[in-house]
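Numbering (my numbering), first residue to last: 4 to 144. Each residue gets a CB set at the ideal place from its N, CA and C atoms; glycine is no exception. To start, the structure itself, in structure tokens.
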């Protein structure tokens with residue numbers, strides 16, 4: 004079995020452009036033999052962060068939060084597909100990541116950024132680099 008890779012995408016917009024990049028990455032990693040799953044923040048629709056997953060007693064977390072925590076823990080690596088919103092990160096993807104902490108620890112993470120602007124999301128990628136590092140991931144991009 005190949006590496007287990009989670010591709011995380013966070014746009015909530017109705018005319019989402021970055022989903023094409025996320026789908027391309029899923030297809031590319033799958034073609035190389037990886038076990039890939041797209042985690043779409045809009046489809047999961049977590050509430051705005053009030054309590055992190057670790058703050059729930061065992062068995063009391065909402066089911067979709069517990070399912071996502073298990074997927075994150077089981078992954079070998081992560082790819083964060085992020086658009087650039089006003090020189091910053093996508094709020095949907097940031098909200099999804101902030102629900103977890105220890106679940107992310109010590110795995111590699113890559114950042115694939117995009118934007119209609121001239122820097123192709125580089126500023127969002129730079130912002131994510133520090134955030135993901137602080138959350139315990141080894142950022143390779």
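Given residue 27 as reference, the closest of 18, 41, 17 and 16 once Cα atoms are compared:
Closest in C-alpha terms to residue 27, from the list 18, 41, 17 and 16, comes 41.
Please go through the region 10-86 and give each complete alpha helix (DSSP H) segment of 4 or more residues, from N-terminal end onward.
Here the runs fully enclosed are 22-34, 44-47 and 66-77.
Residue closest to residue 122, alpha-carbon to alpha-carbon, out of 143, 97 and 89:
The candidate whose alpha carbon is nearest that of residue 122 is 89.
Using the Cα positions of residue 73 and residue 63, report the straight-line distance between them to the nearest angstrom.
Residue 63 has its alpha-carbon roughly 14 Å from the corresponding atom of residue 73.
Return yes when the Cβ of residue 132 is within less than 8 Å of the Cβ of residue 49, no when it is not.
Cβ atoms of residue 49 and residue 132: not closer than 8 Å.
Determine the DSSP secondary structure at residue 110, reduced to helix, strand or coil.
It is coil, neither helix nor strand.
May I have the straight-line CA-CA distance separating residue 94 from residue 36, to the nearest angstrom?
Rounded to whole angstroms, the gap between the alpha carbons of residue 94 and residue 36 is 31 Å.
Residue 101: first and last residue of the uninterrupted alpha helix (DSSP H) it sits in
First-last of the alpha helix (DSSP H) with residue 101: 94-101.
Taking residue 121 as part of the alpha helix (DSSP H), name the residues at either end of that continuous run.
Per DSSP, residue 121 belongs to no alpha helix (DSSP H) and is neither H nor E.
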